[in-house]
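J.:
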Amino acid sequence: LANLKITTSRDLPETFRDFTEITASEGQVCPPPTTVALSTWGDRRSFGEQLAEARSGLIGEFDKVNPEVLIGLAQTYLYFGFGAEARSVLALDPEVKKSAPHLIAMAHIMDNETPALQNPLVGLSECDDDSALWTILAEPMPMTGALASPDGALRALNALPAHLRVALAPKLNDALIAYGAPNAASSAMRSLDRLSQTLPPAVKMAKAKAN
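Numbering-wise (my numbering), the sequence shown opens with residue 5 and increments by one.
#1: Along the chain, where does the alpha helix (DSSP H) containing R183 start, and where does it finish?
#2: By alpha-carbon positions, which one of I140, R48 and S129 ends up nearest to G119?
#3: DSSP puts V69 in a beta bridge; with which residues?
#4: Using 8 angstroms for Cβ pairs, my map puts P71 next to V100. What's the rounded Cβ distance?
#5: Using the three-state DSSP reduction, which class does V207 fall into: helix, strand or coil?
#6: Rounded to whole angstroms, what's the CA-CA distance from R194 to K211? Just pull it up for me.
#7: By the 10 Å Cβ neighbour count, where 16 or more other Cβ atoms means buried, how is T80 classified, buried or exposed?
#8: Determine whether the beta carbon atoms of L82 and M110 lie at a separation below 8 angstroms.
#9: Rank M209, D178 and L168 by C-alpha distance to the C-alpha of L199 and give the top, closest one.
#10: Which residue's Cα is closest to the Cα of V33: A78, D133 and G184?
#11: Can S43 and P165 be called in contact, C-beta distance under 8 angstroms?
#12: Buried or exposed for P205, going by 16 or more other Cβ atoms inside 10 Å?
Printed below as a string of structure tokens:
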């Protein structure tokens with residue numbers, strides 16, 4: 005393909021996920037908005053109720069795992085902050101696990117672990133959706149001045165339900181400070197001010213340092 009310009013590994017034709025992708029100003033390929041829209045993977049019902057619904061139909065005819073149900077179950081675990089459980093579920097079908105590296109990366113972030121360097125969350129900081137949040141959280145070594153704008157990540161954080169905001173705001177705070185964006189980091193922690201629930205001691209300490 006003589007007219008195809010390859011600038012990064014993400015530009016290879018086989019990595020194109022579908023034709024709904026959007027290219028950011030610096031050439032990053034943004035995934036479809038629903039790919040990492042964690043705030044849409046659950047609702048206000050109890051964990052038990054949503055888990056039971058997500059498990060329904062997991063094992064089909066001939067004891068085969070239903071791939072769509074498996075993905076939905078992993079997303080439900082991630083919505084409630086259970087990264088290890090999401091990875092365990094995806095491991096039930098190696099092909100499904102292979103098709104969902106973004107969920108694996110998100111699961112590692114949930115468990116305070118660094119995702120693999122080669123993961124689909126890398127290089128999406130200019131995408132104007134939840135991808136901006138996850139690419140910042142997935143970066144192992146943020147570089148001062150490398151972040152064009154934190155606005156997308158802050159919007160995505162504020163769209164999350166309370167329990168996820170409590171879990172992810174301190175991580176985003178630390179990452180934004182490393183990027184050299186202290187004002188944005190403070191905004192991330194101030195997003196917790198509107199929550200009625202009691203914050204864990206570690207989050208209270210992080211919030212105090214940010215103020």
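Every residue, glycine too, gets a C-beta built ideally from N, C-alpha and C. From a predicted model like this one, the values you see are computed outputs, not experimental measurements.
T.: For this structure:
#1: Reading the sequence as shown, one finds Tyr at residue 183 and not Arg. Annotation: Y183 is outside any alpha helix (DSSP H) and is labelled neither H nor E by DSSP.
#2: Sequence inspection shows Pro at residue 119; the Gly mentioned does not correspond to that position. Considering only I140, R48 and S129, the residue with the shortest C-alpha distance to P119 is I140.
#3: Beta-bridge pairing links V69 to I63.
#4: The Cβ separation is near 5 angstroms, so the contact holds.
#5: Under the three-state reduction of DSSP, V207 is assigned to helix.
#6: Whole-angstrom Cα-Cα distance: 8 angstroms.
#7: So T80 counts as buried.
#8: Cβ distance < 8 angstroms, so L82 and M110 count as in contact.
#9: Taking each of M209, D178 and L168 in turn and checking the Cα distance to L199, the smallest one comes out for L168.
#10: Minimum Cα distance to V33 is reached at D133.
#11: Their beta carbons are under 8 angstroms apart, which means S43 touches P165 by this criterion.
#12: Around the beta carbon of P205, fewer than 16 other beta carbons lie within 10 angstroms, which makes this residue exposed.
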